[in-house]
Amino acid sequence: MPITVNLDVVLAQRKMRLNTLAELVDITPQNLSVLKTGKAKAIRFDTLERICQVLECQPGDILAYTPDAEHSD
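Going by UniProt numbering, the sequence shown runs without a break in its numbering and finishes at 73.
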């Protein structure tokens with residue numbers, strides 16, 4: 001998949017645990033784990049906004065687009 005989730009990197013930089021972020025964002029740790037592992041099919045903008053507020057980052061710090069051979073023209 002060309003979208004990479006770097007949530008674990010940002011969490012490590014902030015020295016924050018996944019469970020702490022989940023509590024502060026008001027999302028279940030299981031749902032946040034699905035996002036962190038890149039298995040999520042979608043994310044709500046309001047959830048992304050709350051994550052960015054808590055981690056004091058930009059969406060681009062968490063999500064990266066890397067084109068792969070399947071999707072290139």
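Glycine is no exception: its CB is placed at the ideal position from the N, C-alpha and C atoms. The model shown is predicted, which means the values in this text are computed figures rather than measured ones.
Would you say the stretch 31 to 43 touches the stretch 1 to 20, given that touching needs at least three Cβ pairs under 8 Å? yes
Identify the continuous beta strand (DSSP E) that holds THR4 and give its terminal residues. Looking up residue 4 in the sequence shown gives position 4. That run of the beta strand (DSSP E) goes 3 to 5.
Under the three-state reduction of DSSP, which class applies to ALA22: helix, strand or coil? Numbered from its first residue, the sequence shown carries residue 22 at position 22. The answer is helix: DSSP assigns ALA22 an H, G or I state.
Enumerate in chain order the residues of its own chain whose CB-to-CB distance from ILE27 is below 7 Å, with the five nearest sequence positions on each side excluded. Here residue 27 corresponds to residue number 27 of the sequence shown, with the count starting at 1. Contacts found: THR47.
Since VAL25 contacts VAL54 with CB under 8 Å, what's their CB separation in whole angstroms? Locating residue 25 in the sequence shown gives position 25, where the first residue counts as 1. Locating residue 54 in the sequence shown gives position 54, where the first residue counts as 1. Contact holds; Cβ gap of about 6 Å.
Alpha carbon to alpha carbon, what distance is there between GLU56 and ILE62? By 1-based counting over the sequence shown, the position of residue 62 is 62. By 1-based counting over the sequence shown, the position of residue 56 is 56. Going by the C-alpha atoms only, they are around 11 Å apart.
At the level of alpha carbons, what is the spacing between GLN30 and GLU23? Along the sequence shown, one-based indexing puts residue 30 at 30. Along the sequence shown, one-based indexing puts residue 23 at 23. Distance between the alpha carbons of GLN30 and GLU23: 11 Å.
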